[in-house]
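When we follow the working numbering, the leftmost residue of the sequence shown carries the number 4, and every step to the right adds one. Beta carbons are placed, not taken as given, at the ideal position from N, Cα and C, and that holds for glycine. The structure appears below as structure tokens.
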Amino acid sequence: MVKEKRVSLSRMIPWAMLAVLAIAAATLLPALFRTETALQIRASRQGMTLPDGFYVYQRLSAEGIRIKSITPASDALVVTLESQEQDAEAIQALYRVLPPGFTIAKMEGKSVAKLAGKPEGKLRLG
Numbered sequence: 004m005v006k007e008k009r010v011s012l013s014r015m016i017p018w019a020m021l022a023v024l025a026i027a028a029a030t031l032l033p034a035l036f037r038t039e040t041a042l043q044i045r046a047s048r049q050g051m052t053l054p055d056g057f058y059v060y061q062r063l064s065a066e067g068i069r070i071k072s073i074t075p076a077s078d079a080l081v082v083t084l085e086s087q088e089q090d091a092e093a094i095q096a097l098y099r100v101l102p103p104g105f106t107i108a109k110m111e112g113k114s115v116a117k118l119a120g121k122p123e124g125k126l127r128l129g
């Protein structure tokens, strides 16, 4: 009788491992295919200074737009949004709030990581 329990338990272990693997895959896969959406704010005329990041954050937050980060990048300000659905709203809000003379461009994918100074792949140390 003891032998029968071991056989049934040994049959269940692979199924339990398969279930754990399926749950892990279902949890991690969406994160792999997510693309970051960001807006790049640039001055269209020479001599104009970029708006303050905190000012941009306050104004977009007041409009109900959720911001992941605001990063200065060479001659631009990169605003990374928490959801892709809000990019059109954010562009309209920025054109309303910022003075004339700024261009706002939508960025997606790897160009966001490059402009924000984030490493694309693995970091190599040493």
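Under 8 Å between C-beta atoms of residue i and residue j
i: Ala96; j: Ile68; result: yes
i: Ala91; j: Leu84; result: no
i: Gly104; j: Arg62; result: no
i: Ile44; j: Leu80; result: yes
i: Val59; j: Val82; result: yes
i: Pro75; j: Gly50; result: no
i: Leu42; j: Ile107; result: yes
Enclosing alpha helix (DSSP H) for residue i [first to last residue]
i: Arg45; result: Element bounds for Arg45: not the alpha helix (DSSP H) but the beta strand (DSSP E), 40-46.
i: Ile94; result: 90-100
i: Leu63; result: 56-65
Three-way DSSP call (helix, strand, coil) for residue i in this model
i: Leu24; result: helix
i: Ser86; result: coil
i: Thr106; result: strand
i: Leu32; result: helix
i: Ala79; result: strand
Given residue i as reference, the closest of the options once Cα atoms are compared
i: Lys109; options: Ala19, Glu39, Leu53, Ile16; result: Glu39
i: Glu168; options: Ser13, Gln89, Thr52; result: A query on residue 168 cannot be resolved here, the shown segment of the chain reaching from 4 to 129 and no further.
Range covered by the beta strand (DSSP E) that runs through residue i
i: Ser72; result: 70-76
i: Thr52; result: That residue, Thr52, is in no beta strand (DSSP E); it is neither H nor E in DSSP.
With 16 other Cβ atoms within 10 Å as the buried cut-off, status of residue i
i: Ile73; result: buried
i: Gln87; result: exposed
i: Gly129; result: In this predicted model, Gly129 has a pLDDT of only 41, less than 50, meaning its place in the structure is not dependable; the value taken from the coordinates is given anyway. Counting Cβ neighbours within 10 Å, Gly129 comes out exposed, since fewer than 16 surround it.
Within-8 Å CB hit, residue i to chain C
i: Phe105; result: This model lacks chain C altogether, as it is built from one protein chain only.
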